[in-house]
Amino acid sequence: MAFEGLTEKLSSAFKKLRNKGRLTESDVKEAMREIRLALLEADVSYKVVKDFIKAVTEKAVGTEVLESLTPAQAIVKIVNQELVSLMGGGSAKITIASQPPTVVMMVGLQGAGKTTNAAKLAGLMRKQNGKRPLLAACDIYRPAAIQQLEVVGKQLDIPVFQMGQENPVTIAEAAIAHAKKHGNDMVFLDTAGRLHVDEALMEELQAIKQAVQPSEILLVVDAMIGQDAVNAAKAFDDALDIDGVVLTKLDGDARGGAALSIKAVTGKPIKFVGMGEKLDNIEVFHPDRMASRILGMGDVLTLIEKAEQQFDMQKAQELAEKLKKNRFTLQDYYDQLVQVKGMGSMDELLGMMPGLNAKALEGATINEKALSRTEAIILSMTPQERENPAILNSSRKKRIAAGCGLQVVDVNRLLKEFGMMQQMTKQMTKLSGKRRKGKFGK
Ligand code: GDP
Numbered sequence: 002m003a004f005e006g007l008t009e010k011l012s013s014a015f016k017k018l019r020n021k022g023r024l025t026e027s028d029v030k031e032a033m034r035e036i037r038l039a040l041l042e043a044d045v046s047y048k049v050v051k052d053f054i055k056a057v058t059e060k061a062v063g064t065e066v067l068e069s070l071t072p073a074q075a076i077v078k079i080v081n082q083e084l085v086s087l088m089g090g091g092s093a094k095i096t097i098a099s100q101p102p103t104v105v106m107m108v109g110l111q112g113a114g115k116t117t118n119a120a121k122l123a124g125l126m127r128k129q130n131g132k133r134p135l136l137a138a139c140d141i142y143r144p145a146a147i148q149q150l151e152v153v154g155k156q157l158d159i160p161v162f163q164m165g166q167e168n169p170v171t172i173a174e175a176a177i178a179h180a181k182k183h184g185n186d187m188v189f190l191d192t193a194g195r196l197h198v199d200e201a202l203m204e205e206l207q208a209i210k211q212a213v214q215p216s217e218i219l220l221v222v223d224a225m226i227g228q229d230a231v232n233a234a235k236a237f238d239d240a241l242d243i244d245g246v247v248l249t250k251l252d253g254d255a256r257g258g259a260a261l262s263i264k265a266v267t268g269k270p271i272k273f274v275g276m277g278e279k280l281d282n283i284e285v286f287h288p289d290r291m292a293s294r295i296l297g298m299g300d301v302l303t304l305i306e307k308a309e310q311q312f313d314m315q316k317a318q319e320l321a322e323k324l325k326k327n328r329f330t331l332q333d334y335y336d337q338l339v340q341v342k343g344m345g346s347m348d349e350l351l352g353m354m355p356g357l358n359a360k361a362l363e364g365a366t367i368n369e370k371a372l373s374r375t376e377a378i379i380l381s382m383t384p385q386e387r388e389n390p391a392i393l394n395s396s397r398k399k400r401i402a403a404g405c406g407l408q409v410v411d412v413n414r415l416l417k418e419f420g421m422m423q424q425m426t427k428q429m430t431k432l433s434g435k436r437r438k439g440k441f442g443k
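Residue numbers (the working numbering): 2 to 443.
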């Protein structure tokens, strides 16, 4: 989970403040010392931390804050605002060329995630903006780079342009010509990377930039390498004047230093974040939502967006009706499970819930296992059994357990849970019915 270490330490600093009630300047100083340490441990660059603490302290020691009724809350608010502005304020978009195709050049060190994220981004632009992207294989050095791009392109059903080991500038130019001819309004150039920043690589990238004048140069950096990612960003920006950053592997980054330092150090915004290996694990970067996640206040907006994308609203209405009439079946239960799973891993979803810290997430993986088990059991049932679990006698249960590789007790447990849920909805419907009729004095 992203940022769990930082979130935990910041929460503990704020908790101490809250416990104090009235605050003095020295309480604030002590809290700032803890926040400073937390940020340094998160691998945020030293100068960024220094400026951040200075800005927060100046605002926090104002009489207005210290004398407010909830000074600790006022300080959390200031930290939140400063985190948002540290990460760039608003979210930044890709520049779309006035004459198609829009050419996006993906650059970065080897292994940062260029190839994967070129495809992810092409998929996102198709889904959100109705674009018709083309992927172009300009990495002619790494064995299998072209094949890798073809594999991800195929998975997303996005065309891939390649010319084998031809000169990368020639490939880029030919890809753009190909896009014009075939009606592709966006071209993503997957360029070569090296293990370290080196001159030959920068010269090659500069030559491509010169030749095709891309609308956007996006630097792909791996969040897990912390300050090294920030240094790489600086080097690439000096050589190529990049337009923005795609920060990948945030799902595995417990510290968060890169996310917090890149904008301040390079002046260039993070535009997208990679949150997992799957090809739809990419999100537009919203500094305000990220600040909220870092402070353990969740990210309800992203959660709602995910739900809206994933859930069929018409179906949700039907389900609500079924629940009311107490006709919610195991098939409905299964459909719900599949939709929830489609929203992302439990770990990721819980991380967006307000008030949940890393400790609360420890059991999350187990729950995910339980979900898969439930899914497997329901899948082993016949449609008739899913509609009417009452017909499940012991021989049917045995068959179901054998079908999904589990035990009869597992089947029984699921049925018990389902039964309890039905009971609960029955009671809730009754209660809400009574309330509507004014029996509770409302
Ligand atoms: P390239 O050398 O820059 O083209 O990097 P690749 O696209 O080949 O990615 C390197 C590895 O990182 C691959 O195994 C990807 O699946 C993985 N990867 C890329 N983005 C993410 C991400 O957001 N999260 C995780 N966990 N893995 C990622």
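In this text, a Cβ means the ideal position worked out from N, Cα and C, and glycines have one as well. Because the structure is a prediction, the values reported are computed rather than measured.
Counted as a single uninterrupted DSSP element, the alpha helix (DSSP H) harbouring residue 336 occupies residues 331-343.
Only exposed fits residue 158, as fewer than 16 other CB atoms lie within 10 angstroms of its CB.
The DSSP assignment places 47-61, 64-67 and 72-87 as complete runs of the alpha helix (DSSP H) inside the stretch 39-110, in order along the chain (cut-off: 4 residues).
Nearest C-alpha to residue 229 among 263, 279, 38 and 381: 263. Restricting attention to alpha helix (DSSP H) runs no shorter than 4 residues, the stretch 384-418 encloses them at 384-388 and 395-405, ordered along the chain.
DSSP, reduced to helix, strand and coil, places residue 134 within a strand of the structure shown. Two segments are said to touch when three or more pairs of C-beta atoms, one from each, lie closer than 8 Å; by this definition the stretch 253-271 touches the stretch 81-94. Per DSSP, the beta bridge partners of residue 223 are 249. Approximately 17 Å separates the beta-carbon atoms of residue 219 and residue 186; this is outside 8 Å, ruling out the contact.
Comparing alpha-carbon positions, the option among 246, 398 and 329 lying closest to residue 274 turns out to be 246. With contacts defined as CB atoms closer than 8 Å, residue 109 and residue 222 qualify as a contacting pair.
Collapsing the DSSP output to three states places residue 31 in a helix.
Inter-residue distance for residue 76 and residue 56 is about 12 Å (C-alpha atoms, whole angstroms). Of 379, 179, 191 and 402, the smallest CA-CA separation from residue 419 is found for 379.
Closest in alpha carbon position to residue 174, among 166, 234, 151 and 137, is 137. For a cut-off of 8 Å, the C-beta gap from residue 153 to residue 116 is around 7 Å, short enough to register as a contact. In this structure, the C-beta of residue 227 stays at least 7 Å away from each heavy atom of the ligand GDP. Contact between residue 250 and residue 114 holds, since their C-beta atoms are separated by about 7 Å, short of 8 Å.
By the Cβ neighbour-count rule, residue 163 is buried, with 16 or more other Cβ atoms within 10 Å of its own. For residue 191, the pairing in a beta bridge is given by DSSP as 107 and 138. DSSP places residue 283 inside the beta strand (DSSP E), whose first and last residues are 283-285. In the structure shown, residue 177 falls within a helical segment according to DSSP collapsed to helix, strand and coil.
Under the DSSP assignment, residue 274 falls in the beta strand (DSSP E) whose first and last residues are 271-275.
Exposure of residue 63 is indicated by the presence of fewer than 16 other C-beta atoms within 10 angstroms of its C-beta. Here residue 135 really is in contact with residue 180; their C-beta atoms are around 5 Å apart, less than 8 Å.
DSSP places residue 15 in the uninterrupted alpha helix (DSSP H) bounded by 5-21. Exclusion of the five residues before and after residue 384 leaves 332 as the residues of its chain whose Cβ lies within less than 8 Å of its Cβ.
As the crow flies, the alpha-carbon of residue 8 is around 16 Å from that of residue 79. Here DSSP, grouped into helix, strand and coil, assigns residue 243 to coil.
The straight-line gap separating the alpha-carbon atoms of residue 240 and residue 166 is approximately 24 Å.
In the structure shown, the three-state DSSP call for residue 200 is helix. For residue 113, the shortest separation between its Cβ and any heavy atom of the ligand GDP lies below 7 Å. Inclusion of residue 278 in the 7 Å shell around the ligand GDP follows from its C-beta lying nearer than that to a non-hydrogen atom of the ligand.
Comparing alpha carbon positions, the residue from 281, 47 and 237 closest to residue 107 is 237. Taking the Cβ of residue 192 as the reference point, every heavy atom of the ligand GDP lies at 7 Å or farther away.
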